[in-house]
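Below you'll find the structure, written out as structure tokens, and then a few comments.
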Amino acid sequence: MILQLIDYMKNGPTVAPLHYDCFAHEVAGKKINFGDTAVSYVIMPKTGGAEMHYHPCSQHVYLTLEGELRINNGKETIIVPAGMAAHVDEGEPHQVDGNDQDCIYIIITRPPGEFLKP
393 MILQLIDYMK NGPTVAPLHY DCFAHEVAGK KINFGDTAVS YVIMPKTGGA EMHYHPCSQH
453 VYLTLEGELR INNGKETIIV PAGMAAHVDE GEPHQVDGND QDCIYIIITR PPGEFLKP
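Be aware that the sequence shown starts at 393, since it is given in this note's numbering, and climbs by one per residue.
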């Protein structure tokens, strides 16, 4: 199939390991065989986020659609407002939350991998 319409809201929601109140809907990945990349649409209420963790062999790109995403690596914190994106390299510890507000974002992970506590 060359073209495929994806109703990603029917894929999930799932909550990733070490995350809480953070609901991911797979856009591309295992369900449509997207190679070594996963793409998810994430709805995170202001109560949601992720504990500090890292992925030894995976990197992320976060694209904020609504609200703000706060990313902390233990040394610095960045705020990613709607319309902006951020990159987290493989092996980099990170913790995310919605900066005390609801947030919707796209996360691209390459390749999907394990979640480890630092």
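Where a beta carbon is used, it is the ideal one built from N, C-alpha and C, also for glycine. All figures in this text were calculated on a predicted structure; none of them were measured in a lab.
Residue i (DSSP reduced to helix, strand or coil)
i    : result
M401 : helix
D489 : strand
E460 : strand
F426 : coil
L455 : strand
C495 : strand
S450 : coil
A408 : coil
E418 : strand
G514 : Outside the displayed range of the chain (393 to 510) lies residue 514, so it cannot be described from this structure.
A474 : coil
Cβ-based burial, residue i [other Cβ within 10 Å; buried from 16]
i    : result
I435 : buried
E418 : buried
N425 : exposed
G440 : buried
G421 : buried
D489 : buried
I499 : buried
Whole-angstrom C-beta distance between residue j and residue i, which should lie under 8 Å
i    : j    : result
T501 : A474 : About 20 Å; that fails the 8 Å criterion.
N491 : I470 : Not really, about 10 Å apart at Cβ, beyond 8 Å.
C449 : E482 : 6 Å
Y454 : Y400 : At roughly 17 Å, the Cβ-Cβ gap does not stay under 8 Å, so Y454 and Y400 are not in contact.
P465 : H486 : Residue identity check: residue 465 is Asn in the sequence provided, not Pro. Between H486 and N465 the Cβ distance is about 5 Å, and since that is below 8 Å, they are a contact.
K438 : D494 : 5 Å
D428 : P510 : Not a contact, Cβ separation roughly 24 Å.
Quick check: the stretch 474-488 against the stretch 445-462, are there 3 or more CB pairs under 8 Å?
yes
Count Cβ pairs between the stretch 436-447 and the stretch 403-417 that sit closer than 8 Å; are there 3 or more?
yes
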